[in-house]
Amino acid sequence: MLDAKWVREHADLVRDAATRKRMDPSVVDAFLENDRDYRALLQQVEGLRADLKTSSSSLGKMKPEEREVALVEQRAKKAELKTLEKVEQELRAVVRGFALRLPMPPATDVQDGLDDRGNVEISVSGPIPQKDFEIQTHDDLGEKLGIIDIKRGVKIAGSRNYLLLGDAARLERAVLNLALDHMMKRDFEMVSVPSLVNRACMEGTGYFPGGEEQAYLAERDDLALIGTSEVPLTSIHSGETLDFDRLPLRRVALSPCFRREAGTYGKDTKGLYRVHQFWKVEQVVLGPSDEVWSLEEHKRMLRHATDLMDLLELPYRVVNVCTGDLGQGQVQKFDIETWMPSRNSYGETHSASRFHDFQTRRLNLRYRPEGKGKPQFCHSLNNTVIASPRVLIALMENHQQADGSIRIPEALQPYLGGESVLRGNA
RNA sequence: GGAGAGAUGGCAGAGUGGCCGAAUGCGGCAGCUUGCUAAGCUGUUGAGCUGAUUUGUCAGCUCCGAGGGUUCAAAUCCCUCUCUCUCCGCCA
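Under this note's numbering, the residues of the first sequence are numbered 47 to 472, in order.
Here you go:
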């Protein structure tokens, strides 16, 4: 959410942000118009209410016969107020509805672009592996080794579902555990979070309204399955005012993630690239309302992820995501894309976003600045640490050996009982 | 799932219809004071929205778990919901 006062004074910037983010800029004008009407009405309501308040207290001191007379007028005014209040309430909801859809302006060093093709590469790491044999795709290899079973996953739960068996499941476990330890070494507090959250969390983190189609809903209880633990992690302190010395708050969680992938029919249908359920280790940081700090933290969080990719000995690149590929609330986003031989391209494996106070305004999550002063909205940031099975694609394909076995990077070996090669059940 | 109790400011805790944004204590902040163990005294101390503004503030409105209702008037009475605690049942 954006500060309403700021939007009123910078409507052009917000319209511009909408256009650059490939959103309909008319939402800005819809907001402004309704906001203007609402405030005019609010003044009327408050005036009437003040009037009623003073006359009401004088009523208490009147003689009974005087009061009867005065009550007639009082009741009439009260009825008028009730009517106005009802309209005011409805209008307020309308204004909020539009406010929830206003886009956060992108940072100055974000390129304009229509979609992910407009993303700007900012670094490349590791050579693309050259092998003297033909690399098998992860799903072919996985099937051969008897460690990935997509057919039966689909039988059980429909398309975009899968089973990992034996070594694939062990490898997944190992990667996730390495990722968690990696973050705890960096002083992140590990948190176990709910996978089913209420509407306020989804709205607070910016997924609703707009993202309902992508979420599995437990409608009977008005809950949603999380698509990322960013949602519960960022929501932990919603409605609170944190002490300055608690900031920054750095946390990491491992959670299952659920995504309906509506509107992706026919896209990435082969293998484990796009699935309905996966595991993700996610890092979330809450800090002070400080642009400089926020920028540095963003880069630091990116580094936590690239350091882990280095430990996994995977080739990857980092892109500065362009405006058209940026979410409504994101100020800036860096994606890490990892080389996937089966795609013959880099595939997105990580996404590091900074939001300024977009999420924290929605969550009403503030802190009290050092010393004293008014509470301020925190800044929030998040980044993937690792997501599986997507990372398994990169591991299985890039570390594949001529005999179809999978080489295990040194950092991962302690998590696999010291084994340096996985051969599956073949 | 059943029975009961409760939810008030940073915390503790009063308040059963108008004098209550709310006593008192603690904590915080400011000042004063002080050589006998940082204590004493005085003052001050919530948030949000709207409008005005000489940008210092000023005025109005809202907020006592959430939402509705009764009433001229609600922290206080009624209803619904959420959460917490106690007991019983069930259970990984």
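Quick reminder that beta carbons are idealized off the backbone N, C-alpha and C, glycines included.
- The Cβ-Cβ distance between LEU78 and PRO151 does not fall below 8 Å.
- Per DSSP, ASN428 is one residue of the beta strand (DSSP E) stretching across 425 to 434.
- From the listed residues THR384, LEU288 and TYR392, the smallest Cα separation to LYS420 is found for LEU288.
- About 6 Å separates the CB atoms of HIS425 and HIS402; that is less than 8 Å, so the two are in contact.
- Secondary structure note for PHE290: it is in no beta strand (DSSP E), with a DSSP letter that is neither H nor E.
- Per the coordinates, the alpha-carbon of LEU137 lies some 7 Å from the alpha-carbon of ASN80.
- DSSP links ASP314 through a beta bridge to no other residue.
- DSSP lists VAL365 and SER397 as the beta-bridge partner residues of ASP381.
- With contacts defined as CB atoms closer than 8 Å, ARG297 and HIS322 fail to qualify as a contacting pair.
- If you look at MET229, you'll find it isn't in any beta strand (DSSP E); it sits in the alpha helix (DSSP H) that goes 213 to 230.
- Ranked by Cα distance from ARG232, the first of HIS445, HIS350, GLN90 and LEU87 is HIS350.
- Runs of alpha helix (DSSP H) with 4 or more residues, each lying fully within the region 228 to 310, are found at 245 to 250 and 276 to 281, listed in chain order.
- Around the beta carbon of MET47, a 10 Å sphere encloses 16 or more other beta carbons of the protein chains shown; the residue is thus reported as buried.
- With the rule of 3 Cβ pairs closer than 8 Å, the region 157 to 167 does not count as touching the region 83 to 91.
- The straight-line gap separating the alpha-carbon atoms of HIS184 and ASN223 is approximately 21 Å.
- In this structure, the beta-carbon distance from GLN378 to ALA63 does not fall below 8 Å.
- Under the three-state reduction of DSSP, TYR84 is assigned to helix.
- Per DSSP, the unbroken alpha helix (DSSP H) holding ARG66 starts and ends at 57 to 66.
- The Cβ neighbour count for GLY285, taken over all protein chains shown within 10 Å, is under 16; the residue is labelled exposed.
- Under the three-state reduction of DSSP output, GLU359 falls in the coil class, being neither helix nor strand.
- In its chain, beyond the 5 residues on either side, LEU209 have a beta carbon closer than 8 Å to the beta carbon of ARG198.
- Leaving aside the five residues that flank LEU357 on each side, the residues in its chain whose CB is nearer than 6 Å to its CB run, in chain order, ALA457.
- By the beta-carbon neighbour count (other beta carbons within 10 angstroms, threshold 16), VAL115 is exposed.
- MET386 has SER391 as its beta-bridge partners, per DSSP.
- DSSP, read as helix, strand or coil, puts TYR461 in helix.
- Shortest Cα-Cα distance from GLN120 to any of ARG61, GLN135, SER103 and LEU98 involves LEU98.
- A distance below 8 Å separates the beta carbons of MET442 and ILE452.
- In this structure, the beta-carbon distance from ILE194 to TRP385 does not fall below 8 Å.
- Secondary structure note for PHE404: its alpha helix (DSSP H) is the uninterrupted segment 404 to 409.
- When rounded, the separation of the alpha-carbon atoms in LEU295 and LEU187 is 42 Å.
- MET229 sits close to GLN329, with the two beta carbons spaced by under 8 Å.
- By the 16-neighbour rule on beta-carbons within 10 angstroms, GLY273 is buried.
- According to DSSP, residue pairing for PHE324 in a beta bridge involves CYS303.
- By the C-beta density criterion, TYR311 is exposed, having fewer than 16 other C-beta atoms within 10 angstroms.
- Ranking LEU148, LEU87 and PRO149 by CA distance to the CA of LYS128 puts LEU87 first.
- Leaving aside the five residues that flank ARG414 on each side, the residues in its chain whose CB is nearer than 7 Å to its CB run, in chain order, THR287, ASP289, PHE290 and PRO421.
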